[in-house]
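*Asks:* Let me begin by handing over the structure; questions about it come next.
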Amino acid sequence: MIDEAVQPVLDGFVTSVREVADVKAVWLHGSLALGDYQLGRSDLDVIVAVKSPPPAAVEEVHRRLIRQYPLAEKLHCSYMTDLADLSVRHPTFAHQEYFDRPVTPVTRRELAIGNCTLYGPPPAELLPAVSDDELFDFVRRDLREFWLPATRKRGNWYADIWVDLSLLTIARAHVTLATGDLITKRAAFDVLPRLGAPADVVEDIRRRRYHPEQVRTGPWWRHTRAALTRRFVRTAIPAVLS
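Take a look at the structure:
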C-alpha cells in the first residue's frame, strides 16, 4: 500500500509525463514496490517505458512537480526505450539532475518481484526476464569494482549515506548470491550480525532509518564509525564474493 502522502505525487507525475512523452507503462521499484518505504527518507523509484526517446520537456515535468510537491525531489525516474539491452544508458532524472544511466539487473528483478504498475501493462509483459547469472554478475561486479576500491578513500566514510548503503548493500548482496533472492533494507539488518558487522554501526543505521530522534551525534562517533565501517567493508566483501 502506497503512503497517502506519496500518492498525489505519483498521480501527478503519471498524468504530467503522459502529456509530453509517448508512454507505454509506468512502474515502481525499490522500497515503494518492495514494502520498505520510509516517508521523507526513501526515494520514489520509477521506471517509465516509452515508445520513443523522451522529449526535453520531461525535465520540466519533474521540476514543476517538485515546485508543487517538495516530496517529488526524491522521485527518481529512468525513461526506457530499449527494454532488452542491459548495457543501454537511459535518460534519467534523479537528484534534481537529468543524465543517462543503465537500468541495472537488480532494478529489473525488483520490477518483476514488486510488480507495481501505475500505468499500462505490468513489467512481465514488456520487460525481458533477468537471468540469475546476469543478476549475480552485476552484484559481484558492483562489490568488486565500486565498493571495495571505495575503501581506499577515507573522506567518504564520514557521510551517513556511505555508511548506510555500504553495509546494507553487502548484506543484500550476500543473500542474493547465496539464494538468488532480493531482500529489503529492513531485512538486511537481520543479516548483518551474521556477517560480523559492528553492532554499534548497525544500530546507528537502524536508528537513522527508523528512529531518527534517537540518532547519535558528535565528531568522536563519526570518526569511530567511519573506521569501523571501512574495516568491515574491506573484510566482508572478499568473504561474500568467495
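Here numbering that gives the first Met the number 0 is used: position 2 in the sequence shown is 1, and no number is missing along the way.
Every residue, glycine too, gets a C-beta built ideally from N, C-alpha and C.
So, does the segment 117 to 125 touch the segment 146 to 156, judging by three or more C-beta pairs under 8 Å?
*Replies:* In short, these stretches do not touch, since the Cβ pair count stays below three.
*Asks:* For LYS23, I'd like the list of residues in its chain whose CB is within less than 7 Å of its CB, leaving aside the five on either flank, ordered along the chain.
*Replies:* The residues are ALA48, VAL49, LYS50, GLY119 and LEU125.
*Asks:* Would you identify the three-state DSSP class for LEU74, choosing helix, strand or coil?
*Replies:* Here LEU74 sits in strand by DSSP.
*Asks:* What are the start and end residues of the alpha helix (DSSP H) that includes VAL22?
*Replies:* Per DSSP, VAL22 belongs to no alpha helix (DSSP H); it is in the beta strand (DSSP E), 22 to 28.
*Asks:* I'd like the span of the alpha helix (DSSP H) that includes TYR209, first residue to last.
*Replies:* Unbroken alpha helix (DSSP H) run through TYR209: 198 to 209.
*Asks:* State the start and end residues of the unbroken alpha helix (DSSP H) segment that holds PHE98.
*Replies:* Unbroken run through PHE98 is the beta strand (DSSP E), 96 to 101; no alpha helix (DSSP H).
*Asks:* DSSP three-state call for ILE1: helix, strand or coil?
*Replies:* In this structure, ILE1 counts as coil in the three-state DSSP scheme.
*Asks:* In whole angstroms, what separates the C-alpha of VAL214 from that of ASP203?
*Replies:* The alpha-carbon atoms of VAL214 and ASP203 are separated by roughly 7 Å.
*Asks:* Rounding to the nearest angstrom, what Cα-Cα distance links GLY195 and PHE137 in this structure?
*Replies:* So the two alpha carbons sit approximately 24 Å from each other.
*Asks:* Considering Cα atoms alone, identify which of ARG208, ARG171 and TYR209 is closest to ARG193.
*Replies:* Among ARG208, ARG171 and TYR209, the Cα nearest to that of ARG193 is on ARG171.
*Asks:* Please return the same chain residues whose Cβ sits closer than 8 Å to the Cβ of PRO52, not counting the five positions on each side in sequence.
*Replies:* Closer than 8 Å at Cβ, skipping near neighbours: TYR78, THR80 and PRO90.
*Asks:* By a C-beta neighbour count over all protein chains shown, 10 Å radius and 16 as the cutoff for buried, is ARG229 buried or exposed?
*Replies:* Its Cβ being crowded by 16 or more others within 10 Å, ARG229 is buried.
*Asks:* Provide the residue span of the beta strand (DSSP E) that contains PHE92, from first to last.
*Replies:* Element bounds for PHE92: 88 to 93.
*Asks:* Determine, using beta carbons only, whether LEU70 and VAL13 come nearer to each other than 8 Å.
*Replies:* No.
*Asks:* Would you list the residues sitting across from TYR118 in a DSSP beta bridge?
*Replies:* Answer is VAL25.
*Asks:* For the beta strand (DSSP E) holding VAL47, just list the boundary residues, first then last.
*Replies:* It spans 43 to 49 - the beta strand (DSSP E) in which VAL47 sits, taken as one unbroken run.
*Asks:* For the candidate residues ASP44, LEU176 and ARG205, whose alpha-carbon lies nearest to that of GLY113?
*Replies:* Ranking ASP44, LEU176 and ARG205 by Cα distance to GLY113 puts ASP44 first.
*Asks:* If I measure Cβ to Cβ from GLN37 and keep anything under 8 Å in the same chain, skipping five residues before and after, which residues do I get?
*Replies:* For GLN37, where only same-chain residues beyond five positions count, the Cβ hits under 8 Å are SER30, ARG208 and TYR209.
*Asks:* Which runs of the alpha helix (DSSP H), 4 residues or longer, sit entirely within the segment 124 to 206?
*Replies:* Listed in chain order, they are 131 to 141, 159 to 178 and 184 to 190.
*Asks:* What residue does the alpha helix (DSSP H) around GLN67 start on, and which one ends it?
*Replies:* Here the alpha helix (DSSP H) through GLN67 covers 56 to 67.
*Asks:* Hey, out of PRO122, ALA56, LEU64 and ILE46, whose CA is closest to PRO101's CA?
*Replies:* Closest option to PRO101, Cα to Cα, is ILE46.
*Asks:* Can you name, in chain order, every residue of its own chain whose Cβ lies under 7 Å from the Cβ of ASP42, other than the five neighbours on each side?
*Replies:* Taken in chain order, the residues that qualify are GLY29, LYS73 and HIS75.
*Asks:* For ASP132, is the classification buried or exposed, using 16 other Cβ atoms within 10 angstroms of its Cβ as the cut-off for buried?
*Replies:* ASP132 comes out exposed.
*Asks:* Whose C-beta lies closer than 6 Å to the C-beta of VAL25 among residues of the same chain, with five residues either side of it excluded?
*Replies:* These residues qualify, in order along the chain: VAL13, VAL47, LEU117 and TYR118.
*Asks:* At what residues does the alpha helix (DSSP H) containing ARG215 begin and finish?
*Replies:* No alpha helix (DSSP H) holds ARG215; DSSP gives it neither H nor E.
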